[in-house]
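*Asks:* Residue numbers (our numbering): 221 to 914. Glycine included, C-beta positions come from ideal geometry on N, C-alpha and C.
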């Protein structure tokens, strides 16, 4: 998009994973940032024109990825640019099979999977639980209040994702209450040109994968539409899946200073969940559905205003005994002569499986954000109201029966929470910038709470920056934490919100074609929520831990090799990261289900190759995980064993057509990342990707 005003002072280029020269965002001078994790959730990424807090115009073209051009009217803080790791999703730069999996390439991010191809994955940042990571889609909150297990059920296909941004609690500003350990923003960038993309693939286990997207330019508006479908018979019994997604994104430019952004999305998954949530009852099955509608208005001028409204609905049908295996007959679920029971050999009425679990969550909200620059500094203020509702046959408080789509909802829970924030940043003086910020969070249940923080940045040279910071944040309990009651888990409606103080120190350096990034972090959590039990007890209950301390380090590097290099003529780009985490809690005899179950060591290394003078490319990625914690197998606790995995992709490009063959887990290693669930061994697939741009 071309703007009505001219910005010519500074031009930066970021070229990720291409053979083009690599340049990086730069910052000048000595910078101090005092900020906080503000819960107005104003980290908004507008696909074509985004106003950052310095009133800079960011113009990004998806069709030129992996190159991103940023035109700025003044130098931006390095903390708002280079300290935010960004990855792109071009097929030659990732082995991801699904939208949620793409984030696993970022340092400190773990996508812990019960099944690949996006069947069910829990996203973690710095050893957190899935509830402690804020998920955004083009800046719109996507966290599910029922459980973090649903946060990656994003109503957008992988073909539509252009980039993924990661913010830590320190580098992120104006994030939401769910950004306890950080935030991930999945971004769709509509092309500047009419574009058509088609992707079709197939492979082992009757895998079928197809998607298509179109970017259409019509006058002062831009439109993106995409569809996706994937299915498989599964790599073992009861691991089949079927997924479908539709997504639409519209940019409307009403005047030179007024624009609108609209998103609609829908996705549904149905999958055999063999042993996903209980080793005792392995024949589980689940269906989920997510719907999204959001609209935003962006006004620029002396006062910049962002206003948005959104609605997200998620439905979950969980079958502890899969109905296609245990058919319903005469009031019982029966598989041949085997009647579904919680305990074999007991024939009391309470012991028979009586029916499936049904949940429907609705999250709606509005946000208003304003920014103004004066001679006395920059002022930002925002307010965010969120309304959360769950209808269920087991979660929440008993209520009158509400039948929808032949489902009897007998329980309900509702909560509203409001965040208001304000920050002030001083004008630059002798390379010094200071800002103060504060946030108020209010819920009827927990009352009013206040948070604050600070950060400091120093630019040693044009290409070396260091920073440090501290802030406070919080997380509300999920509805599952509060209300779930099952054969092996009991919730706690009296839980308090989690609270944390985060401290971070970071380094970023650019040395020729090599970029280095390192962050040390420390988190002291209070009232930490976890499912725990005594060693002699079979039932887990939710409780607030008094304190949980997490420390660790994230290191990453990336290098682009000049295509004329004589030493490495085949290598295009190299990327790697390593994360170390340690957690400490007060000594106790209680067994923890989640808090002490985290990745101690995580390493990833990837490399892109191109045969000289050809269009033949090779991409491979190696991953190593070593997890702290145990899982239950045959009524005994077993420690997780470290595992590694190598994925590889060979591709050849014919003009607009890309042909590839890939292998997941090339060496067929045994991987157990979640409970007693073994992930697939080697899984080979091939496909074609067609791109046409006018």
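Can you give the Cα-Cα distance for residue 796 and residue 399, rounded to whole angstroms?
*Replies:* Your numbering for residue 796 matches position 576 in the chain shown. Your numbering for residue 399 matches position 179 in the chain shown. Whole-angstrom Cα-Cα distance: 25 Å.
*Asks:* For residue 948 and residue 792, I'd like the C-alpha separation in whole angstroms.
*Replies:* Because residue 948 is not part of the residues shown, which for the chain are 221 to 914, the question remains open.
*Asks:* Where does residue 571 fall in DSSP's three states?
*Replies:* Here residue 571 is taken as the residue at index 351 of the chain shown, counted from 1. DSSP places residue 571 in helix when its eight states are reduced to three.
*Asks:* Considering just the uninterrupted stretch of the beta strand (DSSP E) at residue 641, what are its terminal residues?
*Replies:* To locate residue 641, count along the chain shown from 1; it is residue 421. Its beta strand (DSSP E) spans residues 627 to 645.
*Asks:* I need the straight-line Cα distance from residue 324 to residue 331, nearest angstrom please.
*Replies:* Along the chain shown, read from residue 1 onward, the residue named residue 324 stands at position 104. Along the chain shown, read from residue 1 onward, the residue named residue 331 stands at position 111. Distance between the alpha carbons of residue 324 and residue 331: 6 Å.
*Asks:* Contact check, residue 837 vs residue 828 under 8 Å by CB: the rounded distance?
*Replies:* Along the chain shown, one-based indexing puts residue 837 at 617. Along the chain shown, one-based indexing puts residue 828 at 608. Confirmed, about 7 Å.
*Asks:* Name, in chain order, the residues that DSSP records as bridge partners for residue 658.
*Replies:* Translated into the one-based positions of the chain shown, residue 658 becomes position 438. Residue 658 pairs with 642.
*Asks:* Report the option in 402, 887, 377 whose CA atom is closest to the CA atom of residue 348.
*Replies:* Position 128 of the chain shown, counted from the start, is the residue given in the question as residue 348. Taking only the C-alpha atoms, the option nearest residue 348 is 402.
*Asks:* Here's the rule I'm using: 16 or more other beta-carbon atoms within 10 Å means buried, otherwise exposed. How should residue 404 be labelled?
*Replies:* For this step, residue 404 is matched to residue 184 along the chain shown. When all chains shown are included, residue 404 counts as buried.
*Asks:* Note down the Cα distance separating residue 483 from residue 809, rounded to an integer number of angstroms.
*Replies:* The count along the chain shown starts at 1 and reaches residue 483 at position 263. The count along the chain shown starts at 1 and reaches residue 809 at position 589. Approximately 49 Å between the Cα atoms of the pair.
*Asks:* Pick helix, strand or coil for residue 454, following the three-state DSSP scheme.
*Replies:* Position 234 of the chain shown, counting from 1, holds the residue named residue 454. Here residue 454 sits in coil by DSSP.
*Asks:* By a C-beta neighbour count over all protein chains shown, 10 Å radius and 16 as the cutoff for buried, is residue 384 buried or exposed?
*Replies:* Indexing the chain shown from 1 puts residue 384 at position 164. Buried.
*Asks:* Can you name, in chain order, every residue of its own chain whose Cβ lies under 6 Å from the Cβ of residue 592, other than the five neighbours on each side?
*Replies:* Taking the first residue of the chain shown as 1, we reach residue 592 at position 372. Only 523, 599 meet the Cβ criterion.
*Asks:* In the DSSP assignment, what residue or residues form a beta bridge with residue 512?
*Replies:* Position 292 of the chain shown, counting from 1, holds the residue named residue 512. For residue 512, which the question treats as bridged, DSSP gives the partners 485, 532.
*Asks:* For residue 889, count neighbouring C-beta atoms within 10 Å of its own C-beta (all shown protein chains included) and say buried if the count is 16 or more, exposed if not.
*Replies:* Taking the chain shown and counting its residues from 1, the one referred to as residue 889 is at position 669. Exposed is the call here.
*Asks:* Looking at C-alpha atoms only, which residue of 812, 894, 317 is the closest neighbour of residue 759?
*Replies:* For the purposes of this step, residue 759 is identified with residue 539 of the chain shown, where counting begins at 1. Considering only alpha carbons, the answer is 812.
*Asks:* Starting from the N-terminal side, write out each stretch of the beta strand (DSSP E) that is 3 residues or longer and does not extend beyond the stretch 828 to 860.
*Replies:* 836 to 848, 850 to 853, 856 to 859
*Asks:* Identify whether residue 521 lies in helix, strand or coil by the three-state DSSP scheme.
*Replies:* In the chain shown, the residue the question calls residue 521 occupies position 301. Correct three-state label for residue 521: coil.
*Asks:* Could you tell me whether the stretch 600 to 615 touches the stretch 627 to 635, using the rule of 3 or more Cβ pairs below 8 Å?
*Replies:* Cβ pair count under 8 Å is three or more, so yes.
*Asks:* Within this structure, are the beta carbons of residue 410 and residue 435 separated by less than 7 Å?
*Replies:* Stepping through the chain shown from its first residue, residue 410 is reached at position 190. Stepping through the chain shown from its first residue, residue 435 is reached at position 215. Their beta carbons are under 7 Å apart, which means residue 410 touches residue 435 by this criterion.
*Asks:* Can you check the stretch 572 to 620 for any beta strand (DSSP E) of at least 3 residues that lies completely inside it and give the ranges in chain order?
*Replies:* 577 to 594, 597 to 612
*Asks:* For residue 445, collect the residues of the same chain with a Cβ closer than 6 Å to its Cβ; drop the 5 residues on either side in sequence, then sort them by chain order.
*Replies:* Position 225 of the chain shown, counted from the start, is the residue given in the question as residue 445. Excluding residues up to 5 positions away in sequence, 434, 468 lie with their Cβ nearer than 6 Å to the Cβ of residue 445 in the same chain.
*Asks:* Between the Cα of residue 877 and those of 315, 344, 416, spot the shortest distance and give me the residue it belongs to.
*Replies:* Translated into the one-based positions of the chain shown, residue 877 becomes position 657. Comparing Cα positions, the closest option is 416.
*Asks:* Can you tell me whether residue 737 is buried or exposed, with buried defined as 16 or more other CB within 10 angstroms of its CB?
*Replies:* Counted from its first residue, the chain shown places residue 737 at position 517. With 16 or more other Cβ atoms within 10 Å, it is buried.
*Asks:* Assign residue 814 to one of three DSSP states: helix, strand, or coil.
*Replies:* Within the chain shown, numbered from 1, the residue matching residue 814 stands at position 594. Residue 814 falls in the coil class under three-state DSSP.
*Asks:* If you run the structure through DSSP and keep just helix, strand and coil, what is residue 710?
*Replies:* In the chain shown, counting from the first residue as 1, residue 710 sits at position 490. If DSSP states are grouped into helix, strand and coil, residue 710 belongs with the strands.
*Asks:* Quick one: what does DSSP say residue 367 is sitting in, helix, strand or coil?
*Replies:* The residue you call residue 367 lines up with position 147 of the chain shown. Residue state, collapsed to three classes: coil.
*Asks:* In this structure, does DSSP put residue 701 in helix, strand or coil?
*Replies:* For this step, residue 701 is matched to residue 481 along the chain shown. If DSSP states are grouped into helix, strand and coil, residue 701 belongs with the helices.
*Asks:* With three or more C-beta pairs closer than 8 Å as the rule, is the stretch 355 to 364 touching the stretch 651 to 668?
*Replies:* no
*Asks:* Span of the beta strand (DSSP E) holding residue 719?
*Replies:* Here residue 719 refers to the residue found at position 499 of the chain shown. Residue 719 -> beta strand (DSSP E) spans 718 to 731.
*Asks:* Could you tell me the boundaries of the beta strand (DSSP E) in which residue 563 lies?
*Replies:* Translated into the one-based positions of the chain shown, residue 563 becomes position 343. Per DSSP, residue 563 belongs to no beta strand (DSSP E) and is neither H nor E.
*Asks:* Check whether the Cβ atoms of residue 540 and residue 501 lie closer than 7 Å to each other.
*Replies:* The residue given as residue 540 occupies position 320 in the chain shown. The residue given as residue 501 occupies position 281 in the chain shown. Yes, these two residues count as a Cβ contact at 7 Å.
*Asks:* May I ask you to report which of helix, strand or coil DSSP gives residue 648?
*Replies:* Numbered from its first residue, the chain shown carries residue 648 at position 428. Here residue 648 sits in coil by DSSP.
*Asks:* Considering only the alpha carbon of each residue, which of 902, 726, 879 lies closest to residue 739?
*Replies:* Taking the chain shown and counting its residues from 1, one reaches residue 739 at position 519. It is 726 whose Cα lies nearest to the Cα of residue 739.
*Asks:* Evaluate the contact criterion for the stretch 373 to 389 versus the stretch 868 to 883: three or more CB pairs, one atom per stretch, below 8 Å.
*Replies:* no
*Asks:* Any chance you could list the alpha helix (DSSP H) runs of at least 4 consecutive residues sitting entirely within the stretch 375 to 413, in chain order?
*Replies:* none
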